[in-house]
Structure formats: structure tokens, C-alpha cells
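Numbering (the numbering used here), first residue to last: 836 to 992.
By construction, the Cβ of each residue, glycine as well, lies at the ideal position given by its N, Cα and C atoms.
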């Protein structure tokens, strides 16, 4: 009887040790934002939504600039290039995210996306664009801010 208790104690201690060693690895696969835990698949869904909203925004933004006083100017070209650069950064983020083991591995790349988005955000605050463009940007900015929160990075204002 005493042998069984000793074995049970050793097995229990071993299991606790394994769980304690595995806990940091499990934490890397999920994190929290506003009290909610996220897994890699949760973050994947947000990134997909950001990509879709970015595609829609870039098209609306380009169309709005074509109908503005900036049409045909270097300024229009630079603004369109900024929007396309955001799309490129998001594509690169997607590739890095898909190759990563955990969602936390791409934190610096999310920072790059947010820096690019901040430039567009400043333009959106300064220029009056059609409501559809502003609405599209608001939805995209909200999802970008969700990513910023998950990765504990500065949000777009």
C-alpha cells in the first residue's frame, strides 16, 4: 500500500512538472485583449477580415481620388501608392503569419502594418472623402485597432 502511495506521489509530481513546463508554450499560442483570450485561429480570422476590408477600401479610395481635384496629380499617385503599400504590408503579414508557429511571432510585422495605416489615417482625418470611403476606412481602422490591442501596440486614432 505504501509503495502505491509513493508511486502515485511520483507520478503526480511528474505530471505537475510536465504541465508547468508546458504552460509557457501554451501561453504563446494564445493571448488576451480586453479580457478575452485569443488563439492563432482567432487572430487569423481578424487578419483575413483586415485583408478583405483593405482590398475594398483601396478600391473605394482610388475611385474617390479619381473623382477629386487631385486626379492626375503626383499627390494622387503618392496617396494611391500609400494605400497599395498598406495592402502589400498586409500580404506580407499574411505570409509571415501562415509560416509562424504562434500568432505572437508576427508582432513586429503588425507594427509595420500599423505604421503604414497611420499614414493613411492622417490623410483620412485631413481630407473629406465620400461617406462610403470614410465608412470603409472606419471599419478597417477598427479591425486594425483590434490587432493593435491583441499585440499590445499603439492604436490608430
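For residue 928, tell me which candidate among 902, 886, 895, 959 has the shortest Cα-Cα distance. Numbered from its first residue, the chain shown carries residue 928 at position 93. For the options 902, 886, 895, 959, the alpha carbon positioned closest to that of residue 928 is the one of 886.
Among all the DSSP beta bridges, which residues are the ones paired with residue 889? Within the chain shown, residue 889 is the residue found at index 54, counting from 1. Its beta-bridge partners do not exist; DSSP assigns none.
Please report the residue range of the beta strand (DSSP E) in which residue 872 lies. The count along the chain shown starts at 1 and reaches residue 872 at position 37. Start and end: 871-874.
What is the DSSP secondary structure of residue 989, reduced to helix, strand or coil? Looking up residue 989 in the chain shown gives position 154. Of the three classes helix, strand and coil, the one that applies to residue 989 here is coil, per DSSP.
For the alpha helix (DSSP H) holding residue 945, just list the boundary residues, first then last. Your numbering for residue 945 matches position 110 in the chain shown. From DSSP, the alpha helix (DSSP H) with residue 945 extends over 942-961.
State the start and end residues of the unbroken alpha helix (DSSP H) segment that holds residue 918. One-based indexing of the chain shown puts residue 918 at position 83. Residues 909-934.
Quick one: is residue 889 buried, meaning 16 or more other Cβ sit within 10 Å of its Cβ, or exposed? One-based indexing of the chain shown puts residue 889 at position 54. Its Cβ being crowded by 16 or more others within 10 Å, residue 889 is buried.
Who are the Cβ neighbours of residue 991 in its own chain at under 8 Å, not counting the five residues just before and after it? Sequence index remark: in the chain shown, residue 991 carries index 156 (1-based). For residue 991, where only same-chain residues beyond five positions count, the Cβ hits under 8 Å are 949, 952, 953, 956, 976, 979, 980, 983.
Using 8 Å as the cut-off, can you tell me whether the segment 968-975 makes contact with the segment 890-906, which would need three or more C-beta pairs spanning the two stretches below that distance? Contact between the segment 968-975 and the segment 890-906 is present, because at least three Cβ pairs lie under 8 Å.
State the Cα-Cα distance for the pair residue 908 and residue 871, rounded to the nearest angstrom. Translated into the one-based positions of the chain shown, residue 908 becomes position 73. Translated into the one-based positions of the chain shown, residue 871 becomes position 36. Going from the Cα of residue 908 to the Cα of residue 871 covers about 46 Å.
Taking only three categories from DSSP, how would you classify residue 979? In the chain shown, residue 979 corresponds to position 144, counting from 1. Assignment of residue 979 by DSSP, reduced to helix, strand and coil, places it in the helix class.
Pick from 989, 895, 881 that is closest to residue 932, judged by C-alpha positions: The residue you call residue 932 lines up with position 97 of the chain shown. When only C-alpha atoms are compared, the closest one is 881.
With 7 Å as the threshold, decide whether the Cβ of residue 910 is near any Cβ in chain B. The displayed structure is made up of one protein chain only, and chain B is not part of it.
Going by the CB atoms, is the gap between residue 899 and residue 989 shorter than 7 Å? Here residue 989 corresponds to residue number 154 of the chain shown, with the count starting at 1. Here residue 899 corresponds to residue number 64 of the chain shown, with the count starting at 1. Contact: no.
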